[in-house]
Each structure stands twice: as structure tokens, then as C-alpha cells.
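Quick mapping for you: the protein sequence lines, in order, are chains F and W. For what it's worth, our numbering labels the leading residue of the first sequence as 257, then goes sequentially. For what it's worth, our numbering labels the leading residue of the second sequence as 77, then goes sequentially.
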Amino acid sequence: DTAVSQTPKYLVTQMGNDKSIKCEQNLGHDTMYWYKQDSKKFLKIMFSYNNKELIINETVPNRFSPKSPDKAHLNLHINSLELGDSAVYFCASSQVSDTDTQYFGPGTRLTVL
Amino acid sequence: GEDVEQSLFLSVREGDSSVINCTYTDSSSTYLYWYKQEPGAGLQLLTYIFSNMDMKQDQRLTVLLNKKDKHLSLRIADTQTGDSAIYFCAEGNAGNMLTFGGGTRLMVKP
């Protein structure tokens, strides 16, 4: 029944590894997002994606790449993980409408050692 | 670029009203949102207000928007201990990218 789900909830890995975080939404939305929340709780948009357009926050390193196998999924792949990538990553989705309200997943806490 | 600011911390007693304030800079904001984040949890949408509205009320929540001053507030009436959380305001623009404030940690004392 969860509207926006993410896996895994926790991810601990070594520097230099490549990892992916999965996101699925069952709301029928056409746009999905990834956000990064750092240790100070600041939330920053990383990507916005629908089947027509990928919008990238210019500050996001190109080690981060979103991959969308279908409209209901937007996975986040991270290459060559660095210590500074440690954060909570939130997926969200919305439907183009008057409100464009975004609904968030529970978050994935990534720890890079 | 866009900037959204909030005070870091607010402490109230149970039963009192809480007022969380937010200022933003992007005059093209279409919608402004309030999200709640409980410890270890994701972001829960509380309410939103369209930029041409001044006020929106939803049960214990009242949102006030002063578009001229680019000031948004969230008032929680009869604050309960379960309201303790971090509250984020966010502004959405035509590109549908949300810009969040830094979050206000609300602590409710019994």
C-alpha cells in the first residue's frame, strides 16, 4: 500500500564502491525525483525525471545517475562512492497538475566508510 | 538562485499554539508547501498554499502567506507532543523543483 517506496532503507559501503538505490511509486505519477538530505538536515534536489525530460541539478557530480526502467521506477546509481556521499536520499513523485504536490519515500540512509 | 530560510528551533508547551516562519526569495513560486519529518522517517506533506492565496486552514493547521514580503507561516493550534518533529517549508516553481528551507525543529514540552 506504500505510495512511494525505497530500498534499501540502510546502506553501508566502502569508499570507491558502486551502489544503487531503488525507488518505486504506485501512484501513477509521471514525474519522479531524487533529493539528498545531509547531516544538517538540508534537503537539496538532485534530479527531476519524467519520460520526456531529465533535469539535473548542476551541483550533482556525474558519479550520480538516475535510471528509469519504467514510469513507476527511478533508481539512483552512484559510482566511486566518496565519504561526502553519506546522507539520507529521498525519492519523491508527483503528477503534473495544478498543485504538482510531491510525495516522498521513507528515505535511504547511505553511510560510506 | 532561490533561497528559503527558516529558524532552526522552536519550543512550546503542550496545548499552546506553535508558529513556524519561513521566508523565500523566488517571486515566481507557484506553490508553497509545509512538510513534516519525524525522527528517522520520510517527509510527510502537511499542507500547501497557492501563491495567490493569503490563508489556508486545515483542522489545527493555519497557513498564512504574505506574498509582498515573501513570508510564509504555519500555525499549529493546541500543539501536542506528537507534533514534535522537523518542519520544512518548500517553494515550488514552474519547473516543479522544490527548494527547501533548512527545517525548524519543533519541541513540545508536556
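We treat Cβ as the ideally placed atom computed from N, Cα and C, and that holds for glycine.
| query | result |
| --- | --- |
| Residue interval of the beta strand (DSSP E) (run including W:H147) | 147-152 |
| C-beta contact flag for F:V268 and F:T367 at 9 angstroms | yes |
| Identified DSSP bridge partners for W:M131 | W:L140 |
| Chain-ordered neighbours of F:G284 on chain W, where CB pairs are closer than 7 angstroms | Those do not exist, as F:G284 stays about 17 angstroms from chain W at its closest Cβ, beyond 7 angstroms. |
| Residue closest to F:C347, alpha-carbon to alpha-carbon, out of F:K323, F:E280, F:E314 | F:E280 |
| For W:T157, the three-state DSSP class (helix, strand or coil) | helix |
| Where F:S324 meets chain W, residues with beta-carbon distance less than 9 angstroms | None at all; the shortest Cβ gap to chain W is about 16 angstroms. |
| Expected contact under 8 angstroms - CB spacing of W:R181 and W:L119 to nearest Å | The Cβ separation is near 14 angstroms, so there is no contact. |
| Coarse secondary structure for F:G340, derived from DSSP in three states | helix |
| CB-CB length for F:Y289 against F:I277, believed under 8 angstroms | At roughly 13 angstroms, the Cβ-Cβ gap does not stay under 8 angstroms, so F:Y289 and F:I277 are not in contact. |
| Three-way DSSP call (helix, strand, coil) for W:G168 in this model | strand |
| Spatial distance of W:N128 from F:K323 (CA atoms) | 36 angstroms |
| C-beta contact flag for W:D92 and W:T138 at 9 angstroms | no |
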